[in-house]
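Chains as they are written, first to last, in my numbering: chain A, 5 to 206; chain B, 299 to 372.
All C-beta atoms in this analysis are idealised placements derived from N, C-alpha and C, irrespective of residue type, glycine included.
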Amino acid sequence: MTGILIVQIALTLALASIFLIRPSVTRSAGWKIVAFIGLCVLPALCIVGGMNIHVQRSEETRFCTSCHVMIPYGRSLHVDDPSYIPAQHFQNHRVPADRACYTCQADYTIYGPLKDKLQGLKRIYMQYISTPPKEITIPGGYNNNQCLRCHGGARDFAENPVHQALMDSLTSNQMSCITSGCHDTVHNIAQQSHVKFWRPGQ
Amino acid sequence: MRLSTIGMRRLLRISSALIIVGLGIEIVSLLWYHPLSFVLFAFVAAALIGLGILVFLASLVFVVQIPPHESDSA
Chain A
5 MTGILIVQIA
15 LTLALASIFL
25 IRPSVTRSAG
35 WKIVAFIGLC
45 VLPALCIVGG
55 MNIHVQRSEE
65 TRFCTSCHVM
75 IPYGRSLHVD
85 DPSYIPAQHF
95 QNHRVPADRA
105 CYTCQADYTI
115 YGPLKDKLQG
125 LKRIYMQYIS
135 TPPKEITIPG
145 GYNNNQCLRC
155 HGGARDFAEN
165 PVHQALMDSL
175 TSNQMSCITS
185 GCHDTVHNIA
195 QQSHVKFWRP
205 GQ
Chain B
299 MRLSTIGMRR
309 LLRISSALII
319 VGLGIEIVSL
329 LWYHPLSFVL
339 FAFVAAALIG
349 LGILVFLASL
359 VFVVQIPPHE
369 SDSA
């Protein structure tokens, strides 16, 4: 995909340069068609291709942690304590390591990626123009569907007697998986100075 | 100023320049690995390229050259 975009950009730049230096070439019918391709079709494809790459890139863990407020959250993935839910999932590859944040935070509904992108833009606005919040929270709280997307129907989840007793409350999101006193150690960045970190290969 | 008085060539130059600058910024945004790179792409690069496309389309719609034999008969 990146290769195609590079070719599109190079071709558009070459054609646009020709029309910038010598616009008179468009007098012939053939060059009129080339102008339409070079100044309308190809630039539109460059926007679509660029948007596609930016959206794909924003799903990567290193993209999320490139924002300085997210650095402690990224560090929490390396905590050497299995009670830390994100660390346990990241270190045991229960989520793809290169898309760890997106896998558990994304909204998987039809307009989910768009809503996530708008939410991201809102956070950028708060960070640079408005006032950033002291504590980062998820609007509406963490949705159990994010967990149940993978765990729902899994044998060890379904056969657990505690899960069985609470299944209706969990699936209807009345009781949160992470605030119910069951799986309540999430990123826990306030305690980060007191924990041990895991290094791959140790 | 009416678009037809600006002329096709000038509009083509403006369109090309906008697209070249927009693509330059798009390249920078793709090389820069930061959340702001998306903002740079969406609000600056895409806007400039889109404006370039619109100027080109405007040049097709508004700057119509009437062939000499038609203008003579009118």
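Distance, Cα to Cα, I351 of chain B vs A33 of chain A? 19 Å
Return the first residue and the last residue of the alpha helix (DSSP H) that D172 of chain A is part of. 165-175
Consult DSSP for V199 of chain A and reduce its assignment to one of helix, strand or coil. coil
Pick from A:Y115, A:N164, A:D111 that is closest to I142 of chain A, judged by C-alpha positions: A:D111
Tell me the rounded alpha-carbon separation between V199 of chain A and Q95 of chain A. 16 Å
Decide yes or no for the touch test of the stretch 336-344 of chain B against the stretch 49-59 of chain A: beta carbon pairs closer than 8 Å, at least 3 of them. yes
Do we get a CB-CB distance below 8 Å when we pair H155 of chain A with the residues of chain B? no
Please tell me whether A315 of chain B has its Cβ less than 8 Å away from any Cβ of chain A. yes
Provide the residue(s) that pair with V83 of chain A in DSSP beta bridges, ordered along the chain. A:F201
Contacts of V337 of chain B in chain A (Cβ-Cβ under 8 Å): L125, I128
Taking the alpha helix (DSSP H) that I35 of chain A falls in, what are its first and last residues? For the record, residue 35 of chain A in the displayed sequence is Trp; it is not Ile. 33-40 is the extent of the alpha helix (DSSP H) around W35 of chain A.
Which class does N192 of chain A belong to by DSSP, given the choice of helix, strand or coil? coil
Quick check: what's the CA-CA separation for I89 of chain A versus C50 of chain A? 40 Å
Member of A:C105, A:S173, A:E63, A:C71 whose CA lies at the smallest distance from the CA of L81 of chain A: A:C105
Does the beta carbon of F354 of chain B sit closer than 8 Å to a beta carbon anywhere in chain A? yes
With a threshold of 8 Å between beta carbons, is L334 of chain B in contact with chain A? yes
One question on the structure: do H316 of chain B and S327 of chain B come within less than 8 Å of each other, judged by their Cβ atoms? The sequence as given places Leu at residue 316 of chain B; His does not occur at that position. Cβ atoms of L316 of chain B and S327 of chain B: not closer than 8 Å.
Cα-Cα, which of B:R307, B:F354, B:P333, B:I347 is closest to I318 of chain B? B:I347
Buried or exposed: where does V353 of chain B fall if 16 or more other Cβ atoms within 10 Å of its Cβ makes it buried? buried
Which of the three DSSP states, helix, strand or coil, is assigned to S369 of chain B? Bear in mind that the predicted position of S369 of chain B carries a pLDDT of just 45, short of 50, making it too unreliable to give a figure here.
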